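This report concerns only the one structure given below.
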Amino acid sequence: MKNISKIIGLFLIALTFFAATPEADCDKKALKKAGIAALKPFYYSSAKITEINYQYKTIKKEIEVPLFKGEKYRLVFNRSALPLNVDIEIHDKDMEHRSAGHKPLFSSKGSEEDILSFEPKKSRTLYVNYIIPKGKRDTKVGCMAFVLGYQLTFIKDEDEEKKEESQE
Numbered sequence: 068m069k070n071i072s073k074i075i076g077l078f079l080i081a082l083t084f085f086a087a088t089p090e091a092d093c094d095k096k097a098l099k100k101a102g103i104a105a106l107k108p109f110y111y112s113s114a115k116i117t118e119i120n121y122q123y124k125t126i127k128k129e130i131e132v133p134l135f136k137g138e139k140y141r142l143v144f145n146r147s148a149l150p151l152n153v154d155i156e157i158h159d160k161d162m163e164h165r166s167a168g169h170k171p172l173f174s175s176k177g178s179e180e181d182i183l184s185f186e187p188k189k190s191r192t193l194y195v196n197y198i199i200p201k202g203k204r205d206t207k208v209g210c211m212a213f214v215l216g217y218q219l220t221f222i223k224d225e226d227e228e229k230k231e232e233s234q235e
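Below, the structure is given as structure tokens:
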């Protein structure tokens, strides 16, 4: 009988814990769809939705993004479902291998835009850092979308072909 009451007690504690854990209140499909729309004329490759939990201190999250050499890419970030803006930095080295004075290839610091994009000049592995500001107790959980698009370099866009023809 004691074992049953212990199991029920543990179950109730676990249930209370999961009920108290904040859950992101965002439409993940809509975030992704808006990011894909911002890719044009690039083709959709992949997407990652990240839930952002604000804590008592600033936190950095890093995502590794491998890119194929010889292709053009566009990285789109949709921050519209965040209660507090998350800064985004893109580097060519991971956090462990960066020197103190290393400057990012891209930074959203100071930008209030919900949808941001970046087109790297070289195709190589990139490291996307989310700098999550500290939150208060009542700060809600949010989420953001990262969408990656590519453009085939051996296929020309119709608009580009028309521009080249008009210049000749």
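Residue numbers (our numbering): 68 to 235.
For each residue, glycine too, the CB sits at the ideal point set by N, CA and C.
Only a predicted model underlies this, so the values are computations on that prediction, with no experimental measurement involved.
Close Cβ partners of Met-162 (< 6 Å) along its chain, the five nearest in sequence each way excluded: Glu-129
Simplified DSSP assignment, three categories, for Glu-163: helix
Beta-carbon proximity of Gly-209 to Asn-145, cut-off 7 Å: Taking C-beta atoms as the reference points, Gly-209 and Asn-145 fail to come closer than 7 Å.
Cβ pair count under 8 Å reaching 3, the stretch 199-219 against the stretch 145-157: yes
Limits of the unbroken alpha helix (DSSP H) element including Leu-215: Here Leu-215 belongs to no alpha helix (DSSP H); instead the beta strand (DSSP E) covers 209-218.
Residues that Val-143 bridges to, as DSSP identifies them: Ser-184 and Val-214
Residue-chain proximity (Glu-118, chain C), Cβ-Cβ < 7 Å: No chain C appears in this structure, which consists of one protein chain only.
Val-214 and Val-132 closer than 7 Å at C-beta: Taking the C-beta atoms as reference points, Val-132 is found no nearer than 7 Å to Val-214.
Leu-183 beta carbon less than 7 Å from that of Ser-248: The structure shown does not extend to residue 248, since the chain spans only 68 to 235, so no value can be given for it.
Cβ pair count under 8 Å reaching 3, the stretch 180-198 against the stretch 93-100: No contact exists between the stretch 180-198 and the stretch 93-100.
Boundaries (first-last residue) of the alpha helix (DSSP H) holding Ala-114: No alpha helix (DSSP H) holds Ala-114; the beta strand (DSSP E) holding it covers 110-119.
Simplified DSSP state of Lys-176, which is helix, strand or coil: coil
CA-to-CA distance, Tyr-121 to Arg-191, given in whole angstroms: Taking the straight line joining both Cα atoms gives about 31 Å.
Straight-line gap, Thr-117 to Phe-221 (C-alpha atoms, nearest Å): 33 Å
As assigned by DSSP and simplified to three states, the class of Leu-98: Collapsing the DSSP output to three states places Leu-98 in a helix.
Backbone secondary structure at Ala-105 - three-state DSSP: coil
Assigned secondary structure, Asn-196 (DSSP; H/G/I helix, E/B strand, else coil): Three-state DSSP puts Asn-196 in a strand.
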